[in-house]
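Engineer:
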Amino acid sequence: MGNEHILEIKSISKLFGGLAALEEVSFEVTGGEIKAVIGPNGAGKTTLFDVLTGIIKPTSGRVMLKERSIIGLRPDQITAMGMIRTFQTIQLFEGMTVLENAMVGCHSRTNSGFMSTSLRLPSARREEKRIQEEAMAVLEDVGLETRALETGTNLPYGQQRMLELARALASEPDILLLDEPAAGLNQYETDELSSLLSRFRQRGLTILIVEHDMGLVMQISDEVVVLDYGEVIARGTPEVVQNDPRVIEAYLGIEAD
Amino acid sequence: MDRKLEKGRSSGRGDYRTLLIVAAFIFLVPAWSRMIPGEVLHMDIVNVMVFAGIYACVVIGLNLLVGYGGQISLGHAAFFGIGAYTTAILCTRFAWFPTWLGALSGVLLAGLIGWLVGVPVLRLKGNYLAMATLGLGEIAFILFTQLKGLTGGTIGIPQGLNVSVSEIPPLSVFGFKFDSDIKFFFLAWAIVMLLMLLNINIIRSRVGRGLRALHSSEIAADAMGVNTSRYKTQVFVLSAMFAALGGALFAHFQRYINPESFVFSVSILFITMVVVGGMGNLWGGIVGVIVLTFLPSVIQAMPQWIPGIPASLTNFSNYSLVLYGLLLIVFMMFMPQGIAAGLSRASAFTGRRAKRLRDRIQARKYEGH
Amino acid sequence: MGRTDRKQKMLLLGSAVFFCVVVVATLIFKGSTGFQWIMSGLTVGSIYALIAMGFSVIYSSTHVINFAQGEFSMLGGMLMYTLSTRGGVPPLLGFLLAVLMVTALGAGLERATIHPLRDQSVITVIIVTIGISIFLRALAKWIWGTDPVKIASFSGDSPVRFLGAAVVPQSFWVFGFAILAVILVFLFFNRTLMGKGMRAAANNADAASLVGISTSTSSLVAWTIASGLGAAAGIVIAPISFASYSVGTMLGLKGFSSAILGGLGSAPGAVVGGLVLGVLETITAGVFPSGYKDAVAFLILILVLLVRPQGLLGKPEDVKV
Chain A
316 MGNEHILEIK
326 SISKLFGGLA
336 ALEEVSFEVT
346 GGEIKAVIGP
356 NGAGKTTLFD
366 VLTGIIKPTS
376 GRVMLKERSI
386 IGLRPDQITA
396 MGMIRTFQTI
406 QLFEGMTVLE
416 NAMVGCHSRT
426 NSGFMSTSLR
436 LPSARREEKR
446 IQEEAMAVLE
456 DVGLETRALE
466 TGTNLPYGQQ
476 RMLELARALA
486 SEPDILLLDE
496 PAAGLNQYET
506 DELSSLLSRF
516 RQRGLTILIV
526 EHDMGLVMQI
536 SDEVVVLDYG
546 EVIARGTPEV
556 VQNDPRVIEA
566 YLGIEAD
Chain B
-11 MDRKLEKGRS
-1 SGRGDYRTLL
9 IVAAFIFLVP
19 AWSRMIPGEV
29 LHMDIVNVMV
39 FAGIYACVVI
49 GLNLLVGYGG
59 QISLGHAAFF
69 GIGAYTTAIL
79 CTRFAWFPTW
89 LGALSGVLLA
99 GLIGWLVGVP
109 VLRLKGNYLA
119 MATLGLGEIA
129 FILFTQLKGL
139 TGGTIGIPQG
149 LNVSVSEIPP
159 LSVFGFKFDS
169 DIKFFFLAWA
179 IVMLLMLLNI
189 NIIRSRVGRG
199 LRALHSSEIA
209 ADAMGVNTSR
219 YKTQVFVLSA
229 MFAALGGALF
239 AHFQRYINPE
249 SFVFSVSILF
259 ITMVVVGGMG
269 NLWGGIVGVI
279 VLTFLPSVIQ
289 AMPQWIPGIP
299 ASLTNFSNYS
309 LVLYGLLLIV
319 FMMFMPQGIA
329 AGLSRASAFT
339 GRRAKRLRDR
349 IQARKYEGH
Chain C
6 MGRTDRKQKM
16 LLLGSAVFFC
26 VVVVATLIFK
36 GSTGFQWIMS
46 GLTVGSIYAL
56 IAMGFSVIYS
66 STHVINFAQG
76 EFSMLGGMLM
86 YTLSTRGGVP
96 PLLGFLLAVL
106 MVTALGAGLE
116 RATIHPLRDQ
126 SVITVIIVTI
136 GISIFLRALA
146 KWIWGTDPVK
156 IASFSGDSPV
166 RFLGAAVVPQ
176 SFWVFGFAIL
186 AVILVFLFFN
196 RTLMGKGMRA
206 AANNADAASL
216 VGISTSTSSL
226 VAWTIASGLG
236 AAAGIVIAPI
246 SFASYSVGTM
256 LGLKGFSSAI
266 LGGLGSAPGA
276 VVGGLVLGVL
286 ETITAGVFPS
296 GYKDAVAFLI
306 LILVLLVRPQ
316 GLLGKPEDVK
326 V
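So the sequences go chain by chain: A, B and C. Position 84, counted from 1, in the first sequence is what my numbering calls 399; the numbers after and before it change by one each time, with no gaps. Position 85, counted from 1, in the second sequence is what my numbering calls 73; the numbers after and before it change by one each time, with no gaps. Position 167, counted from 1, in the third sequence is what my numbering calls 172; the numbers after and before it change by one each time, with no gaps.
1) With a cut-off of 8 Å on the beta carbons, I'd call A/H422 and B/M212 a contact; round off their distance for me.
2) Closer than 6 Å by C-beta to C/Y53: which residues in its own chain qualify, once you throw out the five before and the five after it? Chain order, please.
3) Comparing the C-beta of B/D3 with each C-beta of chain A, is any distance below 8 Å?
4) Answer with yes or no whether the minimum CB distance from A/S536 to chain B is below 8 Å.
5) How would you call A/E554, buried or exposed, if buried means at least 16 neighbouring beta carbons within 10 angstroms?
6) Which stretch, first to last residue, makes up the alpha helix (DSSP H) that contains B/F162?
7) Output, in chain order, the set of chain B residues within a Cβ distance shorter than 7 Å of A/S513.
8) Put C/H162 into one of helix, strand or coil per three-state DSSP.
9) Tell me which residues share the same chain as A/M533 and place their Cβ nearer than 6 Å to its Cβ, disregarding the 5 neighbours each side in the sequence.
10) For the region 312 to 323 of chain B, enumerate the residues whose C-beta is nearer than 9 Å to any C-beta of chain C, in chain order.
11) Is the Cβ-Cβ distance between B/V36 and B/F282 less than 8 Å?
12) What residues of chain B sit near A/A439, judged by a beta carbon separation below 8 Å?
13) Can you find a CB in chain B that lies within less than 8 Å of the CB of C/D299?
14) So which residues on chain C does B/A118 lean against when the C-beta distance must stay under 7 Å?
15) Within the continuous alpha helix (DSSP H) that includes B/S308, where are the two ends?
16) Can you round the beta-carbon distance between A/A485 and A/A565 to whole angstroms, since I take them to be within the 8 Å contact cut?
17) CB-CB under 6 Å to B/G198, same chain, minus the five flanking residues each way: which ones, in chain order?
18) Taking C/E286 as part of the alpha helix (DSSP H), name the residues at either end of that continuous run.
19) With three or more beta-carbon pairs closer than 8 Å as the criterion, would you say the region 220 to 232 of chain B touches the region 394 to 409 of chain A?
20) Report the three-state DSSP secondary structure of C/S224 (helix, strand or coil).
21) Within a Cβ cutoff of 8 Å, which residues of the same chain sit near B/L100, ignoring the five residues on either side of it in sequence?
22) What's the C-alpha gap between B/V263 and B/Y56?
23) For C/S51, tell me which candidate among C/G319, C/I218, C/A272 has the shortest Cα-Cα distance.
24) When burial is assigned at 16 or more other CB atoms within 10 Å of the CB, is A/P471 buried or exposed?
25) Given a limit of 9 Å on CB to CB distance, which residues of the region 268 to 284 of chain C reach chain B?
26) So, B/N115 versus C/I70, is the Cβ gap smaller than 8 Å?
27) Flag B/A44 as yes if its beta-carbon sits less than 8 Å from any beta-carbon of chain A, otherwise no.
28) Which same chain residues, not among the five before or five after B/E155, have their C-beta less than 8 Å away from its C-beta?
29) At the 8 Å Cβ level, is C/F194 part of the contact set with chain B, yes or no?
30) If you scan the region 68 to 115 of chain C from start to end, which runs of the alpha helix (DSSP H) of 4 or more residues do you find wholly inside it?
31) Please report how far the alpha carbon of A/V540 lies from the alpha carbon of B/N51, in whole angstroms.
32) According to DSSP, simplified to helix, strand and coil, what is A/E415?
33) Which value, in whole angstroms, describes the spacing of the CA atoms of A/D391 and C/M255?
34) Provide the residue span of the beta strand (DSSP E) that contains A/S375, from first to last.
35) Should B/L280 be flagged as near chain C, meaning a C-beta pair shorter than 8 Å?
36) Alpha carbons only, please: which of C/A227, C/P174, C/Y86, C/V226 is nearest the one belonging to C/T48?
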């Protein structure tokens, strides 16, 4: 990945019944970097992710993914273009094994349909085998290969987070959106996550992360964007942002009550 | 690890084995039902089983739609009717028309109509399909009764039509005529088993994972790249085609049809079969169909088994809808997984018990050492 | 923002113009018959509007399509028959009693069946409402039999000349009750704390808990309002169109089509949708064989879902996790 902007967010606004969840939010994500979006609760971070992944439409503004506008595209189309997300509240598929969950992640780059799978045509069987091997490789990546045949929702919490990550990686994305991946993890698990993300980044994966754990954010991100009341109030390297008086005020204001 | 992977891939093997067991059990029905004397049974089991097989075609597809697509159709009687009327009209108008081609035409027409309705409606999030299909069911019923020149109106086919034949011809393939209950029994249930096989193949594949993901969380499935509205539409079209296939079998088995077999309450019966059997359970459709198809016959036979039951109780049509309504409410509230899940849990329980027994025996062996 | 607003206004304007054209055309081509059609179309349309509001109220508070909505109207009509026509209770008192009984039933059903399922998926709840619907229908068949019953009009049957058309007096009762119901619902949702809270809840669960309205309460209130609206609609239309155990399905389908046409979840949309559907249906019945009249509602339903799924007055829906 070069230094061009893989994702450009241009003055996105989102109103919910007159209330602005996002107001004129603009920033870019450069290929290969880890960018963090932080901000107090209700600052609009999850709304931003919902807009980026096509779950909700913005009231105004544009989003360009690899120089193509993605406003109005369905979530699955955006995923197929190489941008995939994880969820703040874990959304593993019920009744599926760990492996099957990861296999769903391969969906956007495979294509056998009702006809070929119901008749078990050779093409479908070949693809099924490939999906399985690739999903297994991703599970090894996050260290879940030994639990492949267990039911996903039965895993301990920290491993469920890892599985969500693996499922997203199985789509072989260019850019990964992580919505509070460290929420509920203990210090050891957070450290694991941190080194995992750094490893992915070395492979060229671009990451946009929403996170509350400041330690993690400061440790891994190249640049931090701070949202408050739906607006970007600061941006820059972790050190710069940490010392920005507006950021301190936004956080202190929240912590005071 | 490789062995594990192998095991993971063949996780569908259990379902294929169950399919074989179910098939063996059902195909032996004519044999063992003959062993019970008629004066004890008071019903024609093979005949009832033919109707169960016909309905099973409809309900297997509907269960895919409800259980995995998360959508309800209240108009599957319409697709059932489209299958029945298409082949009935073609095969009575044109005596030379091959019956299997008539059935196929009905299936394709139902698929087309399902697609036309499904595309606009299933593009939306939410449960609009239920109302749209309710309307479709009403329209189809209006057309079946109003287009007298084509459908024979309320009298039906063939009596309501000015045609030379006195009944809808039996289904025939390569000159072999399925013209008796027992022949039709094997035909209908062979088709059901074939549909089940397709069903298992789908569920154990990429498409099935997409459907199960959709069932679990539509938003997460969308985000993982599953085109959920397309899957919903495809599974709706598939279920419409399965229903039409059932309808075509129905027309060629009963040899006459009229709009009464395709009323709203038939759509409700199909949904009730899905719910009672178990939504989203592979075997739910068949279980629900068998239970609810035999119910009227069992109730009618009751006075013969238990003397003193008032005759008014045995007229099932008096209270079938009260019962269906109650079943829908009670099952959704207290047993949302249906009977099939209960059965499989029971078998899992015996399986676990058997394992524990084996373990204990093993332990005792070691003690003996 | 501005663009969607303008689009919406254009559509509203467009449909108003279309409506006027239809009215004028029928007036010119059919003389007083055309006006007659419009009057009876508006009458039945008012009924659809009330039922559509019932759908909308429950949908916006719980996202459930209530399949039993039409049965409330059926029960209202049949209870009115028992109370008033058979029992001799004066019409207005009979109306009040029947509405109260159905409302109590609606609230009771919500507590008994919907409330326990509040954490279940929407489809589970919808299947339960289907169960309730056919159960009530079958029960009514048991109690009242299958023959349609005639219910006495509130004030006689001799038609009144109104702007050159012969209109049955019951039509004016229908208009009166419909307008009253719309005003009451409007006041509830815009002037009372609970109503405002429920509107907030429809948009955002957090907002609702801020105003102190639990989703459980708002579901109960929604069912109470919806069953009351349905019953009132079923009672005032019964003298015009007969009542029977089976009218609920069609009334429900048409009320739902109206709600979709106007925009599911929008109260003004329900009124507009109901009136438009009523008039279109009566005109169709005049032009085509009457057997096809019931097909109009369905065709409109499909067309609206195809072209403008949010309806004439609805806003494009946001989906939230």
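Ideal placement from N, C-alpha and C gives every residue a C-beta, glycine not left out.
Structural biologist: In this structure, then:
1) 6 Å
2) K259, G260, S263, G279, L282, G283
3) no
4) no
5) exposed
6) Careful: B/F162 lies outside any alpha helix (DSSP H) and carries neither H nor E.
7) Those within 7 Å of A/S513 in chain B number zero; the least Cβ separation is about 24 Å.
8) Reading off the sequence shown, one finds Asp at residue 162 of chain C, where the question assumed His. Three-state DSSP puts C/D162 in coil, outside helix and strand.
9) Cβ neighbours of A/M533 beyond the five flanking positions: P553.
10) Y312, G313, L314, L315, L316, I317, V318, F319, M320, M321
11) yes
12) S193, R194
13) Taking CB atoms only, C/D299 has a neighbour in chain B less than 8 Å away.
14) Those within 7 Å of B/A118 in chain C are I70, I131.
15) 308 to 322
16) Not really, about 36 Å apart at Cβ, beyond 8 Å.
17) V214, Y219
18) 272 to 292
19) no
20) C/S224 carries a helical assignment under DSSP once its states are collapsed to helix, strand and coil.
21) none
22) Distance between the alpha carbons of B/V263 and B/Y56 is about 13 Å.
23) C/A272
24) exposed
25) L269
26) The Cβ atoms of B/N115 and C/I70 sit closer than 8 Å to each other.
27) no
28) Apart from sequence neighbours up to five positions away, the residues of its chain that approach B/E155 with a beta-carbon distance below 8 Å are P146, R243, Y244, ordered along the chain.
29) no
30) 74 to 85, 96 to 114
31) 48 Å
32) helix
33) 38 Å
34) 375 to 380
35) no
36) Comparing Cα positions, the closest option is C/P174.
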